[in-house]
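What follows is a short report on a single structure.
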Amino acid sequence: MDVLQCSVEKKPPIALRWRSHPLFILSTVAIGMFTDLFLYGLVVPILPSLLCERIHLPESQGQSAVSNLLAAYAAASMVCSVPAGCIADRTPQRRTPFLAGLAALMAATALFAFGRNMALFIVARVLQGLSGGVVWTVGLAMTLDTVGPHNIGKIFSVVSIGELIAPVIGGVVYEKAGRGVFGLGAAILAIDFAMRVLVIETSVARQLDEPLESPEPSLYGRGLQTGSLDEEPENETSPLLRGRQDELYLIPEVQNKLVRVFPIIYCFKNSRLVGAFFLSFVNMTLLSTFDATIPTEAKSLFAFSSLNSGLLVIPLDIPYLIIGPLAGWVVDKYGGSRMFPNRNQNVAFYCGIMAMNGVGFGLIGSCSIVESSLVVQRYDRVNPGMFGDIGPYAQLFGFNSVLVNLGLMVGPLLSGGLRDRTGHGNMNVVLAALSGTAAIISILFIGGSPGQWMKNR
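In this text, residue positions in the sequence shown follow UniProt numbering: the first is 1, and each later residue adds one.
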């Protein structure tokens, strides 16, 4: 509303300076992503109890029902991610789709709070998925618009903590206050709504107030800092080497109609980008496996309630909280059955395994998003004007969101099916093989080939 008034009255909106400040923009995006992840993870430990108490679902059907609800979220998010990216790259303000995503999230939270049949729970997860696709696609584009790719690893690592701490809080609050858990979600939504209404994007602020204009070029495309991780230190041979490398990123003028309309599709020929997308898929497949199996496995092995299931995630969270932001900083800077008869011993062993996984998630969490941003940045710089005035970054994050949510959908279905048919141990053997494949892909493609690593050294 402020922006519309400004176009008529030629006066900047109230408090333009702090509302368009990079710190406030990043805080708004971070809160939006945190809220989406928090509300996604909030229901994870309570779903088995919720289904049993609200709709009297037999315990034998609990694993498949939980997996299906988690997959519904991912499927909806997959469907809307790319369209959201295309719309965001073609609209003057990204705040509008950002607010639309919040409206869907509010409706989903209300349905979860008061729904009493499976159909309403599925609709709630679908609405959450639609919101997630919009919030992550548009939010990451706004982040890149504000800070460039060099800080996105740190931002991404911190934001991802929301999904990890939510199961802990959800399990504790549901055990003690029942529906009060959704009141907590509503309070976070209110804060999120206020910040999204107040925020003014950097590009809009420049149009409203000339003094805000920076002497540096705009951030998208031409404005992304040239000293990126993708480039090498300057020496006498740098111009020649850069010219040869740039040739690999040139997009020929003669292309089919689809590539001319969506030139980012051409970027998928780059093995680094494909490798980064694969890492996103594997990362979220593994993370969603914990969401789908920890509550039911904890209930089966240890007779845990939703409270204890939520607390069981703490060993996964702590290493991620410590290592995640540190690993994000490094990526930004340097490029891309019972085993014991005693139940207490068994819980301790299980927590130890969870902690090891937390270390792994902390290390790999931000690599894929930074790597893909750097690759597309290079295409945008080498092909000026090909991707439009503000670049293809919302579309990039839309496609990345498709892979992320494909992982969120495959993870629960794969792990839930394997656990029911072959057992928890065999399920983890399959997931370990998937992790090994991702490690090989990382060595071969992330940051360029191993041969290129040696040259850069």
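In this text, a Cβ means the ideal position worked out from N, Cα and C, and glycines have one as well.
In this structure the region 375-390 does not lie against the region 399-409, because fewer than three pairs of beta carbons, one per stretch, are closer than 8 Å.
Burial check for residue 356: the Cβ neighbour count within 10 Å stays below 16, so the residue is exposed.
Residue 180 and residue 111 have their C-alpha atoms spaced approximately 14 Å apart. One Cα belongs to residue 142, the other to residue 54, and the distance between them is close to 39 Å. Around the CB of residue 429, fewer than 16 other CB atoms lie within 10 Å, so the residue is classed as exposed. In the DSSP assignment, residue 198 falls within the alpha helix (DSSP H) that extends over 180-198. Secondary structure at residue 55: helix, using DSSP grouped into helix, strand and coil. When the Cα atoms are used, residue 138 and residue 115 turn out to be separated by approximately 29 Å.
The three-state reading of DSSP puts residue 246 in helix, counting H, G and I together.
Taking C-beta separations shorter than 7 Å and ignoring five residues to either side along the sequence, the partners of residue 71 in its chain run 409, 412 and 413, following chain order.
Distance from residue 280 to residue 407 at the Cβ level is roughly 7 Å; contact confirmed, criterion being Cβ atoms closer than 8 Å. Contact between residue 405 and residue 77 holds, with the beta-carbon distance rounding to 4 Å and staying under 8 Å. Using a Cβ distance threshold of 7 Å, residue 292 and residue 415 count as a contacting pair. Taking the Cβ atoms as the reference, residue 144 lies roughly 5 Å from residue 393, within the contact range of under 8 Å.
If you look at residue 97, you'll find it in the alpha helix (DSSP H) that goes 95-114. The count of Cβ pairs closer than 8 Å, one atom from the region 77-87 and one from the region 26-40, stays below three, leaving the stretches out of contact.
The alpha helix (DSSP H) runs lying completely inside the region 374-454 and spanning 4 residues or more are 393-422 and 424-445, given in chain order. Counting along the chain, residue 257 sits inside the alpha helix (DSSP H) bounded by residues 257-261. Rounded to the nearest whole angstrom, the CA to CA distance from residue 107 to residue 395 is 26 Å. Residue 135 counts as buried, since no fewer than 16 other beta carbons sit within 10 angstroms of its beta carbon.
Of the residues 288, 424 and 364, the one whose Cα lies closest to the Cα of residue 443 is 364. Counting along the chain, the unbroken alpha helix (DSSP H) around residue 66 starts and ends at 62-90. Cβ-Cβ separation between residue 285 and residue 202: approximately 34 Å, too far for a contact (criterion under 8 Å).
Distances from the CA of residue 194 to each of 91, 113, 35 and 59 were compared; the closest alpha carbon is that of 35.
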